[in-house]
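Chemist:
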Amino acid sequence: MHRLMSRFLSFIFLFSLTNAAIDYDEINHNIEFVPEHSNEWVVRIDEGDDVADLVASELGLQNRRKIFDNYYLFINPYVPRRSKRATNDFTDLLTKHEKVSWAEQQQSRNRVKRDFIDKRAQEERVYRSVSFSDPKWSKEWYLKDTRPDTSSYLPKLDLHVLPAWAAGYTGKGIKVTILDDGLEWNNSDILANYDPKASYDLNDNDDDPSPRYDPTNENKHGTRCAGEVAMVANNSICGVGIAYNAKIGGIRMLDGHVTDRVEAEAIAFNHKYIDIYSASWGPNDDGRTVEGPGTLASAAFIKGITEGRNGKGVIYVWASGNGGRRQDNCNCDGYTGSIYTISISSASEHQQSPWYAERCPSTMATTYSSGAYKDQKVHIPTIKTTAISILTTFRFD
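Residue numbers (our numbering): 3 to 399.
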């Protein structure tokens, strides 16, 4: 039962993760990214913690912690925290040490949030309310198409989730974490499903994944994704998550210096406890970038799929990208193209691939990403849910 539920959720709950109605695309592509080298080195030492401490002491470094397996995080206090130049001589010094089998200075990686690009975000479908008390449930058309019979000439517009719910597949017993810019865990429509064991802040290195608040509300993406998955049902607030009985956590890792080490720790975080990891980000979708996981992140994927879920392997679900208008191809994205991830693309309300979608063989499923037929759209005012917006397919900000 647990395995079947996990398999089911891996395909349905993230069918809505490209629905956010913010256009980050123009912002991201108009800023040239310049990689910066940090004062962090990831070092592989196979002889244990004591030897790692000894190596760090010999070289005047700080052994901050073990990342996982035989990989350690070393800090060089004599090197700037951020620099455009690599410290190659020190990397050479580490790799030549007899106790070190591999070492790499960490540098920033350009990671772009993948939100749906919607030019009509204020227009939404109106449906009749059905079984939930949540006020926006009747407008979650992708979960339940409740058009009157007179509109049967239109194609069916939902994910056929209701039969799965009726069979008991509501997310109960499943732990999901969102790898993103933070999670407003005390949000009134998330709190009851929040799981602190599936959460961490890698940007500030603490247990609280709350997003950093700023005037532009830039860090709402992770909370929106979490709401789509596990908004609490029947609490008379907002809408209903597609896996409304799942436990939800968040890893804050995109709001800062993203390195191979940061990605790896996110991908492997508490991997023997978490069932499903969701990531809606990746390399720049500019049609020019070919990039994938680094050495440590690649090791983290293998760790997750071999050791997670009692040996069955955790489930990694990835958004396929929004670079279609720049002729980008998700084959060039080593995260969506990985054999260890399930890549999810978008479909328009006309059941066509939208103009921003990327096409590649790694795509395993698609989902509706927005929209409604013109004769069934009305203006919906925006709605606030605490300080960070939660989305299904309608906009809350």
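Backbone N, C-alpha and C define an ideal beta-carbon position, used for all residues, glycine too. Remember, it's a predicted structure, so these values are computed and weren't measured experimentally.
1. Roughly how many angstroms lie between the CA atoms of residue 264 and residue 41, to the nearest whole one?
2. Between the beta-carbon of residue 231 and the beta-carbon of residue 245, is there less than 7 angstroms?
3. In the DSSP assignment, find the unbroken beta strand (DSSP E) run with residue 42 in it and report its ends.
4. Between which two residues does the beta strand (DSSP E) containing residue 65 stretch?
5. Pick helix, strand or coil for residue 311, following the three-state DSSP scheme.
6. Drop a sphere of 10 angstroms on the beta-carbon of residue 108, count the other beta-carbons inside from all chains shown, and report buried for 16 or more, exposed for fewer.
7. Hey, how far is the Cα of residue 216 from the Cα of residue 112?
8. Please tell me whether residue 44 and residue 298 are closer than 7 angstroms, where the distance is taken between their beta carbons.
9. Would you list the residues sitting across from residue 320 in a DSSP beta bridge?
10. In terms of DSSP beta bridges, what is residue 1 paired with?
11. What do you get for residue 122, buried or exposed, if any count of 16 or more other CB atoms within 10 angstroms of its CB means buried?
12. Classify residue 216 as helix, strand or coil using the three-state DSSP reduction.
13. Could you tell me whether the Cβ atoms of residue 253 and residue 179 are closer together than 7 angstroms?
14. When burial is assigned at 16 or more other CB atoms within 10 Å of the CB, is residue 360 buried or exposed?
15. Take residue 293 and list the residues in its own chain whose beta-carbon comes closer than 7 angstroms to its own, dropping the five residues that flank it on each side.
16. Please state whether DSSP places residue 369 in a helix, a strand or coil.
17. Just the C-alpha distance for residue 235 and residue 197, rounded to the nearest angstrom, thanks.
18. For a test of the three-state rule: what should DSSP assign to residue 138, helix, strand or coil?
19. Could you give the C-beta distance for residue 184 and residue 213, rounded to a whole number, given that I count them as a contact under 8 angstroms?
20. Since residue 178 is in the beta strand (DSSP E), which residue starts that stretch and which ends it?
21. So which of 57, 328 and 347 has the shortest CA-CA distance to residue 283?
22. Find the nearest neighbour of residue 332 within the set 309, 314, 364 and 306, judged by alpha-carbon distance.
23. Since residue 65 and residue 55 should fall inside the 8 angstroms C-beta cutoff, what is the C-beta to C-beta distance between them, to a whole number of angstroms?
24. In this structure, does DSSP put residue 298 in helix, strand or coil?
25. Nearest-angstrom Cα distance between residue 146 and residue 97?
26. Residues bridged to residue 105 by DSSP?
27. First and last residue of the alpha helix (DSSP H) that includes residue 254?
28. Mind checking who residue 271 pairs with in its DSSP beta bridge?
29. Buried or exposed: which applies to residue 202, given that a residue is buried once 16 or more other Cβ atoms fall within 10 Å of its Cβ?
30. Would you report the Cα separation of residue 277 and residue 143, rounded to the nearest angstrom?
31. In the DSSP assignment, find the unbroken alpha helix (DSSP H) run with residue 164 in it and report its ends.
32. Short of 6 angstroms in beta carbon distance, which residues of its chain neighbour residue 247, apart from the five on each side in sequence? Order them along the chain.
33. Going by DSSP, what residue range makes up the beta strand (DSSP E) through residue 75?
Modeler: Per the coordinate set shown:
1. 14 angstroms
2. yes
3. 39-46
4. 64-70
5. helix
6. buried
7. 21 angstroms
8. yes
9. 281 and 345
10. Since the displayed the chain opens at 3 and closes at 399, residue 1 lies outside it and no answer follows.
11. Below a pLDDT of 50, predicted positions are generally treated as unreliable, and residue 122, at 38, falls in that range; the measurement from the model is reported next regardless. Looking at its Cβ environment, which holds fewer than 16 other Cβ atoms inside 10 Å, residue 122 is exposed.
12. coil
13. yes
14. buried
15. 285 and 336
16. strand
17. 16 angstroms
18. coil
19. 3 angstroms
20. 177-182
21. 347
22. 364
23. 5 angstroms
24. helix
25. 57 angstroms
26. 45
27. Taken as a continuous stretch (DSSP letters only), residue 254 belongs to no alpha helix (DSSP H), being part of the beta strand (DSSP E) at 249-254.
28. For residue 271, which the question treats as bridged, DSSP gives no partner whatsoever.
29. buried
30. 27 angstroms
31. 163-168
32. 172, 173 and 174
33. 73-77
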